[in-house]
Amino acid sequence: MKARELLDRLLAPAAASVGCVVVYLTHPRALEAIGFESHGQVILTLSGAASLFSSAWLCGRLVGLALERSGPNRRRVPKLLQELVSVALFIAASIATVILVLGQSFSGALASSGLVIAVFGFAIRNVLADVFSGIALGLEAPYRIGDWVEIGSNVKGRVVEIGWRTTRLLTRDSTYTILPNSQIAQQKLTNYSAPQRHYRRQVEILVNHEISASQAKAILSNAAAQVPLVLRAPAPDARILAHEPKGIRYAVRFWVPNYAEDIDCVDAILQAIDQALRDNDLPPPYDRVRLIRGTVATSARESDRIECVG
39 MKARELLDRL
49 LAPAAASVGC
59 VVVYLTHPRA
69 LEAIGFESHG
79 QVILTLSGAA
89 SLFSSAWLCG
99 RLVGLALERS
109 GPNRRRVPKL
119 LQELVSVALF
129 IAASIATVIL
139 VLGQSFSGAL
149 ASSGLVIAVF
159 GFAIRNVLAD
169 VFSGIALGLE
179 APYRIGDWVE
189 IGSNVKGRVV
199 EIGWRTTRLL
209 TRDSTYTILP
219 NSQIAQQKLT
229 NYSAPQRHYR
239 RQVEILVNHE
249 ISASQAKAIL
259 SNAAAQVPLV
269 LRAPAPDARI
279 LAHEPKGIRY
289 AVRFWVPNYA
299 EDIDCVDAIL
309 QAIDQALRDN
319 DLPPPYDRVR
329 LIRGTVATSA
339 RESDRIECVG
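Take the sequence shown: its letters are residues 39 to 348, numbered as in the working numbering.
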């Protein structure tokens with residue numbers, strides 16, 4: 039972060055904090071000098087409250103800058119976490135201000151309003167569930183802004199915003215999906231961008247029995263290695279998954295640079311494998327249908343029957 043940007047973000051809260059504290063400490067002498075000693079309590083309360091809130095403002099900016107500079111691997115710290123710190127500081131300043139104004143009557147005011155708080159909390163329980171889930175997600179940070187995630191089994195997208203109540207995803211089709219944080223906290227979450235942005239992918243290929251397993255593995259792995267989109271290291275490989283009546287099923291494994299290129303990598307891999315199988319004159323691993331003229335045993339007349347041969 040540049041020094042000019044740092045100064046712009048800290049100058050206003052720092053100036054406000056210093057000014058309020060100076061007024062709070064020096065106002066008795068100033069009022070005495072101009073003959074307004076009777077207004078001392080009012081100035082004391084106002085300058086004290088202003089000092090508390092300006093200090094909370096300054097501390098929030100400092101904590102936000104510290105979080106931005108200490109993010110692991112220079113990934114963006116969720117905005118929700120910075121907002122949570124600022125809100126906590128302002129709540130503390132508000133409580134201190136109320137105590138400063140009301141003194142001992144503050145505890146009595148809280149006791150008398152307990153029923154109202156309980157009714158209000160029940161009315162907004164769903165909102166609170168989303169907010170507290172958002173706080174938990176912000177602190178645990180299972181995903182960050184810019185990560186590609188899959189939530190549940192049918193929601194995939196890139197995280198573009200993490201709010202108090204909802205998380206917003208941008209899908210591959212350039213549409214927004216907005217999910218409540220409480221719903222996210224209750225579902226399986228897969229992060230394709232952590233701990234690293236590259237990850238291993240695989241496609242399954244069924245190859246005819248007419249070629250040996252060692253030859254098929256060599257053809258498949260070499261074909262995958264020719265695709266420029268996938269990573270060169272670790273190199274693509276092929277593994278046998280199962281022997282089936284129609285052929286041997288292989289898993290061609292390769293490394294994708296990032297989730298944004300996942301579909302393109304799979305498409306290129308399958309195209310390269312298809313071309314390699316055709317270049318080696320390998321027959322397709324599906325049944326060939328043949329029409330046979332014959333006699334049905336239950337009747338003495340000729341009939342057509344279908345026979346599938348591997």
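Backbone N, C-alpha and C fix where the C-beta goes; we use that ideal spot for every residue, glycine too. The model shown is predicted, which means the values in this text are computed figures rather than measured ones.
Open item on the list: Within 8 Å, do at least three Cβ pairs link the stretch 271-289 to the stretch 182-193?
Closed with: no
TODO: Compare the beta carbon distance of alanine 262 and isoleucine 222 with 8 Å and say whether it is the shorter of the two.
DONE: As a working mapping, residue 262 is identified with position 224 in the sequence shown. As a working mapping, residue 222 is identified with position 184 in the sequence shown. Cβ atoms of alanine 262 and isoleucine 222: not closer than 8 Å.
Task: 3-residue-minimum beta strand (DSSP E) runs that sit fully inside the stretch 178-255, ordered along the chain - done: 186-189, 193-200, 204-208, 214-218, 227-229, 237-245
Open item on the list: For the stretch 265-278 against the stretch 212-232, do three or more pairs of beta-carbon atoms, one drawn from each stretch, fall closer than 8 Å, so that the two count as touching?
Closed with: no
TODO: Use the C-beta contact count for alanine 174: other C-beta atoms within 10 angstroms, 16 or more gives buried, fewer gives exposed.
DONE: Within the sequence shown, residue 174 is the residue found at index 136, counting from 1. Per the 10 Å Cβ criterion, exposed.
Task: Sufficient close CB pairs (3 or more, under 8 Å) joining the stretch 198-211 to the stretch 164-178 - done: yes
Task: For leucine 279 and glutamate 242, believed in contact at Cβ under 8 Å, the rounded distance - done: Here residue 242 refers to the residue found at position 204 when the sequence shown is read from its first residue. Here residue 279 refers to the residue found at position 241 when the sequence shown is read from its first residue. Confirmed, Cβ separation roughly 7 Å.
Open item on the list: Less than 7 Å between C-beta atoms, sequence neighbours within five positions excluded: which residues of the same chain meet that for isoleucine 249?
Closed with: Reading the sequence shown from its first residue, position 211 is the one you call residue 249. Only Leu320 meet the Cβ criterion.
TODO: With distances taken Cα to Cα, identify the nearest neighbour of histidine 281 among Glu199, Arg47, Ala310, Leu244.
DONE: Here residue 281 refers to the residue found at position 243 of the sequence shown. When only C-alpha atoms are compared, the closest one is Leu244.
Task: Proximity winner among Asn219, Trp293, Gly195, relative to alanine 179 (alpha-carbon distances) - done: Start at 1 with the first residue of the sequence shown, and residue 179 comes out as number 141. Comparing Cα positions, the closest option is Asn219.
Task: Inter-residue spacing [alpha-carbon to alpha-carbon] between alanine 131 and glycine 102 - done: The count along the sequence shown starts at 1 and reaches residue 131 at position 93. The count along the sequence shown starts at 1 and reaches residue 102 at position 64. Distance between the alpha carbons of alanine 131 and glycine 102: 18 Å.
Open item on the list: Rounded to whole angstroms, what is the Cα-Cα separation between arginine 235 and lysine 194?
Closed with: Position 197 of the sequence shown, counting from 1, holds the residue named residue 235. Position 156 of the sequence shown, counting from 1, holds the residue named residue 194. Cα to Cα, arginine 235 sits roughly 16 Å from lysine 194.
Task: Nonlocal neighbours in the same chain, by C-beta distance under 6 Å from phenylalanine 128, ignoring five residues either side - done: Residue mapping note: residue 128 aligns to position 90 of the sequence shown, counting from 1. Once the five neighbours on either side are set aside, the close Cβ partners of phenylalanine 128 are Ala94.
- [ ] Out of Arg99, Val59, Leu100, state which residue places its alpha-carbon closest to the alpha-carbon of alanine 88.
- [x] Numbered from its first residue, the sequence shown carries residue 88 at position 50. Out of Arg99, Val59, Leu100, Val59 has the C-alpha closest to the C-alpha of alanine 88.
- [ ] Tell me alanine 289's beta-bridge partners as DSSP assigns them.
- [x] Counting from one through the sequence shown, the residue named residue 289 turns up at place 251. Per DSSP, Glu242, Arg277.
Open item on the list: Considering just the uninterrupted stretch of the alpha helix (DSSP H) at alanine 314, what are its terminal residues?
Closed with: Taking the sequence shown and counting its residues from 1, one reaches residue 314 at position 276. Per DSSP, alanine 314 belongs to the alpha helix (DSSP H) from 300-317.
- [ ] Quick one: using the 10 Å Cβ neighbour count with 16 as the cut-off for buried, is alanine 50 buried or exposed?
- [x] Along the sequence shown, read from residue 1 onward, the residue named residue 50 stands at position 12. With fewer than 16 other Cβ atoms within 10 Å, it is exposed.
TODO: Output yes or no for whether 8 Å exceeds the beta carbon distance between arginine 291 and arginine 238.
DONE: Taking the sequence shown and counting its residues from 1, the one referred to as residue 291 is at position 253. Taking the sequence shown and counting its residues from 1, the one referred to as residue 238 is at position 200. Contact flag set, yes.
Open item on the list: Once the 5 residues before and after asparagine 296 are set aside, which same chain residues still bring their CB inside 6 Å of it?
Closed with: Within the sequence shown, numbered from 1, the residue matching residue 296 stands at position 258. The residues are Arg235.
Task: Inter-residue Cα distance where the pair is glutamine 225 and isoleucine 189 - done: Numbered from 1 along the sequence shown, position 187 holds the residue referred to as residue 225. Numbered from 1 along the sequence shown, position 151 holds the residue referred to as residue 189. The straight-line gap from Cα to Cα measures roughly 7 Å.
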